[in-house]
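Numbering (the numbering used here), first residue to last: 3 to 145.
Built from N, CA and C at the ideal position, the CB exists for glycine as well.
Small disclaimer: the values here were computed from a predicted structure and weren't measured.
Some notes on the structure that comes next.
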Amino acid sequence: MDRAEIYSIAFNPDSTRLCVSSDKGTVHVFNLDPTVVDGQAVAAFAPRYGEIGSPGLTPSGNRGHSFSFMNHLLPKYFSSEWSFAHAKMVTESRCVAGFGTEKNSVIVICADGSCYKFSLDPHKGGECIRVWYERFLKDSGDD
């Protein structure tokens, strides 16, 4: 199993989503289990958690494997949840990520001076759309 080193973890203002950056040059957004969100009205948040007929989604709305009907027969790995949404940076330098002030936006700032803004689809998740990119530091060879 290829493990990832976590560089940053951030909650959205409602504590319904978690944003994680890692050494793989990726950012992942996870929906949090609505049963643990302390008394909040999660029905208003997309996606609809645990919706019947949503293949590949876990009760929290994150993606899971398609073998869920065989959970009791498979190793523990197959009961894991995968991220609801994800984004890939063009760098593998250390990055920190968090939710932006605009709804459904993720901001990523990296040690190489690059900065990204991504937009995530609150209903479908999947790959985030890069809205903005800027590089604030020059490489040592650039003059």
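Looking at the structure shown, is residue i part of a helix, part of a strand, or coil, going by DSSP?
{"i": "threonine 93", "result": "coil"}
{"i": "lysine 126", "result": "coil"}
{"i": "leucine 20", "result": "strand"}
{"i": "asparagine 33", "result": "strand"}
{"i": "phenylalanine 80", "result": "Legend: pLDDT at phenylalanine 80 = 40, less than 50; position of this residue unreliable, no value from coordinates given."}
{"i": "serine 116", "result": "strand"}
Determine which residues share a DSSP beta bridge with residue i and list them.
{"i": "tyrosine 9", "result": "DSSP output for tyrosine 9 lists no bridge partner at all."}
{"i": "serine 121", "result": "Ser107 and Ile131"}
{"i": "glycine 100", "result": "Ile109"}
Smallest Cα separation from residue i: which of the options?
{"i": "threonine 28", "options": "Phe138, Thr18, Pro15 and Ala99", "result": "Ala99"}
{"i": "glycine 102", "options": "Asp141, Ile131 and Val110", "result": "Val110"}
{"i": "arginine 132", "options": "Tyr118, Asp141 and Asp123", "result": "Tyr118"}
{"i": "alanine 6", "options": "Asp25, Asn33, Ala12 and Cys112", "result": "Asp25"}
{"i": "serine 107", "options": "Asp114, Lys140, Asn14 and Leu34", "result": "Asn14"}
{"i": "tyrosine 9", "options": "Arg137, Thr93 and Cys97", "result": "Cys97"}
{"i": "tryptophan 134", "options": "Val31, Ser121, Asn33 and Glu94", "result": "Ser121"}
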